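Be aware that the sequence shown starts at 1, since it is given in the UniProt record's numbering, and climbs by one per residue.
What follows is a single structure, written as structure tokens, with notes after it.
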Amino acid sequence: LFFFFLLKGDYVWVDLRTGSEFNVEIGARVVATQAGQIILVDDNDEELHFPIQTKFRPMHISSVEGVHDMILLGDLKESAILHNLHMRYKEDNIYTYTGSILVAVNPYKLLDIYNMDYIRQYSNKKIGELSPHIFAIGDNAYWSMQRYQHDQCIIISGESGSGKTESTKLILQFLAATSGQHSWIEQQILDANPILEAFGNAKTVRNDNSSRFGKYIDIHFDKRGAIEGAKIEQYLLEKSRIVSQARDERNYHVFYCMLAGMSKEEKQTLDLTTASDYVYLNQV
């Protein structure tokens, strides 16, 4: 189905694909039809000009308004999904559901949506009752465990720099707070993260704190729902990074932290200097 007569304010899909497998249609709004041309402004705020006889596919109303759960999209295809995520992202809505799956887009800035008020707000709520949030995923897992007495699993997956490490810490923060029994065990679980990151994270061209290993965290709760223990397993550590890094990347954080944190006397005792003096820590 195509629009033959477009009006100002109509929304359409524009095919600007150049042959790359990563190109998709982009959303655009009609801003004028004049002098035999259709003038559009696309999702990237770029102005596009097409002949008046150009055929476009109309955008479904759900894509125009945007949805919090992409199951509700009328245009259920890759371009509509990306358009919806982009619209929400521009309004600092970095979380979007796809059914029971949460899609998170890294905002690359601090958002005030992770404090205790938000933890209380999302506690004991069904997914969909409130706006999409990572705390809703943690809450759903916690209360499903309590209600059905079955183990629960949260899988965090994504590209490098997409925010997996931060999402993991936020889930742990929520579980520690919502279990209601604050103890040294909960604090130890939270405090273990900086240590793991020091030995397993490094600066890459895409991410200043990129995890270079896989992590499996097993948290144990007692019958009251309080945390009573945890087990953290690591696997697939990128060992080659210790002796060789790509251009503009660094070794693991722990080496730089050690040299930066040592006193002058400690360095003299161990015959150590600064990171710039070691080829393993200063490859450019």
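Virtual Cβ for every residue (Gly too), placed ideally from N, Cα, C.
Treat the numbers as computed from the prediction; the structure is a model and nothing was measured.
Same chain only: Cβ atoms within 7 Å of Val254, ignoring 5 sequence neighbours per side: Start at 1 with the first residue of the sequence shown, and residue 254 comes out as number 254. Here the set comprises Ala198, Phe199.
Lys176 in three-state terms, based on DSSP: By one-based count along the sequence shown, residue 176 stands at place 176. Reading off the sequence, residue 176 comes out as Ala, not Lys. In the structure shown, Ala176 sits in a helix (DSSP, three-state: H, G or I).
Residue from Thr273, Gln268, Gln188, Leu170 with nearest C-alpha to Ile113: For the purposes of this step, residue 113 is taken as residue 113 along the sequence shown, with counting starting at 1. Ranking Thr273, Gln268, Gln188, Leu170 by Cα distance to Ile113 puts Leu170 first.
Per-residue burial, Gln268 [other beta carbons within 10 Å of its own, 16 or more giving buried]: Along the sequence shown, one-based indexing puts residue 268 at 268. It counts as exposed.
7 Å Cβ shell around Val243 - same chain, five flanking residues per side excluded: Sequence index remark: in the sequence shown, residue 243 carries index 243 (1-based). Cβ neighbours of Val243 beyond the five flanking positions: Tyr280.
Nearest residue (CA-CA) to Asp15, options Phe56, Ala136, Lys203, Arg247: Looking up residue 15 in the sequence shown gives position 15. Nearest C-alpha to Asp15: Phe56.
Which residues DSSP lists as bridging Asp218, in chain order: Here residue 218 corresponds to residue number 218 of the sequence shown, with the count starting at 1. Beta-bridge pairing links Asp218 to Lys231.
For Phe50 and Val75, the rounded distance between their alpha carbons: The count along the sequence shown starts at 1 and reaches residue 75 at position 75. The count along the sequence shown starts at 1 and reaches residue 50 at position 50. Here residue 75 is Asp; the residue named in the question, Val, does not match the sequence. If you take the alpha carbons of Asp75 and Phe50, they lie about 23 Å apart.
Same chain, Cβ closer than 8 Å to Ala71, neighbours up to 5 away in sequence not counted: Position 71 of the sequence shown, counted from the start, is the residue given in the question as residue 71. In the sequence on display, residue 71 carries Ile and not Ala. Only Tyr97, Thr98, Gly99 meet the Cβ criterion.
Residues of its chain near Leu259, where Cβ-Cβ distance is below 7 Å and the 5 sequence neighbours each way are ignored: Translated into the one-based positions of the sequence shown, residue 259 becomes position 259. Leu272, Thr274, Ala275.
For Tyr235 and Gly214, believed in contact at Cβ under 8 Å, the rounded distance: Along the sequence shown, read from residue 1 onward, the residue named residue 214 stands at position 214. Along the sequence shown, read from residue 1 onward, the residue named residue 235 stands at position 235. About 5 Å; that satisfies the 8 Å criterion.
N-terminal and C-terminal residue of the alpha helix (DSSP H) that Glu46 is part of: As a working mapping, residue 46 is identified with position 46 in the sequence shown. Taken as a continuous stretch (DSSP letters only), Glu46 belongs to no alpha helix (DSSP H), as it is neither H nor E.
Residue nearest to Ala176 in terms of C-alpha spacing, selected from Glu186, Thr33, Tyr256: Your numbering for residue 176 matches position 176 in the sequence shown. Among Glu186, Thr33, Tyr256, the Cα nearest to that of Ala176 is on Glu186.
Where Arg29 falls: helix, strand or coil (DSSP): Indexing the sequence shown from 1 puts residue 29 at position 29. Correct three-state label for Arg29: strand.
Identity of the residues DSSP links to Val14 by a beta bridge: One-based indexing of the sequence shown puts residue 14 at position 14. Val14 is bridged to Ile26.
Which residues DSSP lists as bridging Arg57, in chain order: Mapped onto the sequence shown, residue 57 falls at position 57. DSSP, once it has assigned bridges, lists Trp13 as partnering Arg57.
The alpha helix (DSSP H) enclosing Leu85, as first and last residue numbers: Locating residue 85 in the sequence shown gives position 85, counting from the first residue. Residues 78-90.
Contact belief for Asp7 with Val31 at Cβ below 8 Å, rounded distance in angstroms: Counting from 1 along the sequence shown, the entry for residue 7 is found at position 7. Counting from 1 along the sequence shown, the entry for residue 31 is found at position 31. As written in the sequence, residue 7 is Leu, which differs from the Asp given in the question. Rounded, the Cβ-Cβ distance is 11 Å, inconsistent with contact.
Identity of the residue in Pro107, Asp248, Ser79, Ile81 nearest Lys90 by Cα: Here residue 90 refers to the residue found at position 90 of the sequence shown. For the residues Pro107, Asp248, Ser79, Ile81, the minimum Cα distance to Lys90 belongs to Pro107.
Spatial distance of Lys264 from Asp277 (CA atoms): One-based indexing of the sequence shown puts residue 264 at position 264. One-based indexing of the sequence shown puts residue 277 at position 277. Rounded to the nearest angstrom, the two C-alpha atoms are 15 Å apart.
Among Thr54, Glu46, Gln146, Asn23, the one whose alpha carbon lies nearest that of Gly36: Against the sequence shown, residue 36 aligns to sequence position 36. For the residues Thr54, Glu46, Gln146, Asn23, the minimum Cα distance to Gly36 belongs to Thr54.
Residues sharing a beta bridge with Thr165, DSSP: Counted from its first residue, the sequence shown places residue 165 at position 165. None; Thr165 has no bridge partner.
Inter-residue spacing [alpha-carbon to alpha-carbon] between Gly9 and Gly66: Within the sequence shown, the letter at position 9 stands for residue 9. Within the sequence shown, the letter at position 66 stands for residue 66. Each residue's alpha carbon lies about 16 Å from the other.
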